[in-house]
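See below for the structure under consideration.
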Amino acid sequence: MLISEKLDMLPCMEKLAILFQSLDDHTRLRLLALLLEAGELCVCDLVTVLRLPQSTVSRQLAILKNAGWLQGRRVGAWNHYSVATALEPVQQFLVPVLRNFLLTTETAREDLGRLRDRRDPACCPDHGKSKKTDIAGHGPGEDEP
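Sequential numbering from 4 applies to the sequence shown in our numbering.
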């Protein structure tokens with residue numbers, strides 16, 4: 004059973020402790036900032052942008068996913084992550100706060116700059132097919148009809 008599945012059975016203070024403990028790491032905050040801004044990303048992009056070993060990135064993604072912050076999907080050999088659509092109420096409240104604070108940091112700006120430069124189709128087949136769309140429903144790189 005995942006931590007996120009156990010959260011429903013815990014008293015409120017314990018839920019809060021788990022949620023906040025999952026954010027108590029520089030790498031996890033960087034991952035969350037990238038996913039809040041870019042939508043769904045492949046692990047290979049996250050590894051390159053953060054300049055960390057794949058094992059480190061995967062371990063930190065697992066902690067965020069188990070705490071209910073992220074959801075993942077597998078596409079062939081590649082794992083993609085995005086911010087979970089079914090967040091706890093406290094997480095729903097915190098997402099805009101985290102986005103506002105995290106994305107103003109120099110580290111997040113540098114990470115996002117590297118992400119913009121990264122998009123390598125050789126990494127995985129879904130590059131350029133981010134789940135994030137603009138207000139008209141177009142994803143990155145999609146032209147209007």
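Positions of the beta carbon are idealized from the N, C-alpha and C atoms, including for glycine.
Nothing here was measured: the structure is a model prediction, and the numbers come from that model.
Residue range of the unbroken beta strand (DSSP E) whose run includes residue i
i: residue 97; result: Element bounds for residue 97: not the beta strand (DSSP E) but the alpha helix (DSSP H), 92-105.
i: residue 73; result: 73-78
i: residue 25; result: Run containing residue 25: none; DSSP gives neither H nor E here.
Buried/exposed call for residue i, threshold 16 Cβ in 10 Å
i: residue 100; result: exposed
i: residue 91; result: buried
i: residue 120; result: exposed
i: residue 24; result: exposed
Terminal residues of the alpha helix (DSSP H) in which residue i lies
i: residue 61; result: 57-69
i: residue 51; result: 46-53
i: residue 120; result: 109-121
i: residue 32; result: 29-41
Residues near residue i in its chain [Cβ-Cβ closer than 7 angstroms; skip 5 each side]
i: residue 35; result: 67, 72, 101, 105
i: residue 32; result: 26, 105
i: residue 63; result: 28, 30, 31, 34
i: residue 55; result: 30
8 angstroms contact criterion, which residue i and residue j should meet: CB distance rounded
i: residue 93; j: residue 26; result: Their Cβ separation, rounded to whole angstroms, is 12 angstroms, which puts residue 93 and residue 26 out of contact at 8 angstroms.
i: residue 118; j: residue 37; result: 6 angstroms
8 angstroms Cβ shell around residue i - same chain, five flanking residues per side excluded
i: residue 60; result: 30, 34, 46, 49, 50, 53
i: residue 44; result: 37, 38, 83, 84, 85, 118, 133
i: residue 88; result: 74
i: residue 114; result: 33, 36, 37, 52, 53
Same chain, Cβ closer than 6 angstroms to residue i, neighbours up to 5 away in sequence not counted
i: residue 111; result: 36, 105
i: residue 148; result: Because the pLDDT of residue 148 is 36, which lies under 50, any placement of that residue in the model is unreliable, and the question is left without a value.
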